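In the working numbering, the protein residues as written are 242 to 310.
By construction, the Cβ of each residue, glycine as well, lies at the ideal position given by its N, Cα and C atoms.
Predicted model, so just to flag it, every value in this text is computed and none were measured.
Remarks on the structure that follows.
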Amino acid sequence: MSRKKLEPIHPGEILLEEFLKPMGISQYRLAKDISVPPRRINEIVHGKRAVSTDTDLRLSRYFGLSERF
């Protein structure tokens, strides 16, 4: 039985597909609302940047989630 190995999903993909798109929130609006540079959100969404502890906390509070976005 062969098992296909799934590629790990970057948190930025989840942020975009599960939150931003369905809620109609732009990357720019999110960045401004959580007081981070828009480039940070863009880099996270494109998988070029990890989610820092600080950004994780801001995102969690913004979306009403527990920490560890």
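- Taking every protein chain shown into account, the CB of Arg-244 has fewer than 16 other CB atoms within 10 angstroms, so this residue is exposed.
- The Cβ-Cβ distance between Gly-253 and Val-286 falls below 9 Å.
- Residues of the same chain with a CB within less than 6 Å of the CB of Leu-257, apart from the 5 flanking positions on each side, are Val-286 in chain order.
- In this structure, Thr-296 keeps its C-beta atom at 9 Å or more from the C-beta atom of Ile-266.
- Within its own chain, the residues whose Cβ lies closer than 7 Å to the Cβ of Phe-304, once the five positions on either side in sequence are excluded, are Phe-260, listed in chain order.
- Taking a 10 Å sphere around the C-beta of Arg-299, we find 16 or more other C-beta atoms and assign the residue as buried.
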